[in-house]
Amino acid sequence: MNKAIEKILMLSSLFVLAGCGDVVETSSSETSASSEIINGQTLDKVISLFGENLSLNVTYKFFDQDKVPGCTTIYTENGSFSTYRNFEDVANVGLVNIDSSAASSKGVTEGVYTWKKDDGALVLGEKVGDGRYQDLYHTPSEISSNKTNYLSSFVPEISGQTNGNYFLCQNTEDKSMLVSFAKSLGVYETILGAKGMELNYAKMYFGPTSSVVTISIYSTYKGGYNEFETSIICNSFGTAKIAELNTYLGVE
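Structure, rendered in structure tokens:
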């Protein structure tokens, strides 16, 4: 297994292209503020929290090496930024939406650009497409916009519970919702980059007053051991900010 894991295909782009799967429209009524987390947290409320502003901290625990690789990505309305840990030859990178007003002031055409940090400032990179990055790439906001399907697909650990562990595609042959979930969380391509790795199921946990949601995506390697874990900690719902990006765009 080690050789296969070591040969994992590094991300050629920040996220899996949305065109590689079903296109999901972003809901305009997404719940967006952590202050809305109250006693009696439910699956419905948690799914609704996956809007445009949040942070995901991913750890690929199935890698058999001393320093486990991972990635922290902050998603905001105007852009995103990913910081990689223990990945060889993978640079930290972001995406930014440049509208017509910003394009005029920056001397560029409007669209989606890559960017990097340099001495605490945003340095614009190449243009990767038109429109917004949310329309070009899979993002967590797809989860809330596809809430109805997720509510019918997640199974509670204990019947009647309103919080705790929920399972997605456990002991089912149809993994389509799991694939969509993994793509929206930005982990699909890295997991499947290991030849012989297949998605198995996902587990999501939240407490009655959770402001943090923990997700584990379990994978099977060559039809054998089926508990290879990718851990995802989700937080900063509705409050995520990227200082360098906001300064560059002149956003409060």
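So the number in the numbering used here is just where the residue sits in the sequence shown, counting from 1, plus 1.
Note that CB positions come from ideal geometry on N, CA and C, so glycine has one too.
Bear in mind that the values here come from a model prediction, so they are computed numbers and not experimental data.
Supposed close pair residue i, residue j - CB separation, criterion 8 Å
| i | j | result |
| --- | --- | --- |
| residue 101 | residue 111 | 5 Å |
| residue 223 | residue 200 | Not really, about 14 Å apart at Cβ, beyond 8 Å. |
| residue 236 | residue 212 | 7 Å |
| residue 95 | residue 246 | 7 Å |
| residue 231 | residue 188 | 5 Å |
| residue 125 | residue 114 | 5 Å |
| residue 61 | residue 141 | Contact doesn't hold; Cβ gap of about 18 Å is too wide. |
Per DSSP, cross-strand counterpart(s) of residue i
| i | result |
| --- | --- |
| residue 215 | 206 and 234 |
| residue 157 | 167 |
| residue 68 | DSSP lists no partner for residue 68. |
| residue 85 | 72 |
| residue 122 | 119 |
| residue 220 | 200 and 229 |
Close Cβ partners of residue i (< 7 Å) along its chain, the five nearest in sequence each way excluded
| i | result |
| --- | --- |
| residue 225 | none |
| residue 48 | 144, 145, 148, 151 and 152 |
| residue 202 | 168, 169, 170, 171, 179 and 219 |
| residue 252 | 79 |
| residue 85 | 72, 91 and 93 |
| residue 68 | 87 |
| residue 127 | 114 and 115 |
DSSP state of residue i mapped onto helix, strand, coil
| i | result |
| --- | --- |
| residue 252 | coil |
| residue 94 | strand |
| residue 115 | strand |
| residue 183 | helix |
| residue 109 | coil |
| residue 137 | helix |
| residue 99 | strand |
| residue 199 | strand |
| residue 143 | helix |
| residue 239 | coil |
| residue 151 | helix |
| residue 53 | coil |
| residue 191 | helix |
| residue 127 | strand |
| residue 173 | coil |
Cutoff 6 Å; reference residue i; Cβ partners in own chain excluding five residues on either side
| i | result |
| --- | --- |
| residue 78 | 53 |
| residue 205 | 167 and 216 |
| residue 234 | 58 and 215 |
| residue 165 | 158 |
| residue 208 | 164 |
Close Cβ partners of residue i (< 8 Å) along its chain, the five nearest in sequence each way excluded
| i | result |
| --- | --- |
| residue 105 | none |
| residue 43 | 163 and 164 |
| residue 227 | 201, 219, 220 and 221 |
| residue 248 | 122 and 123 |
Looking at C-beta atoms only, is the number of pairs between the region 159-178 and the region 123-138 that lie closer than 8 Å three or more? no
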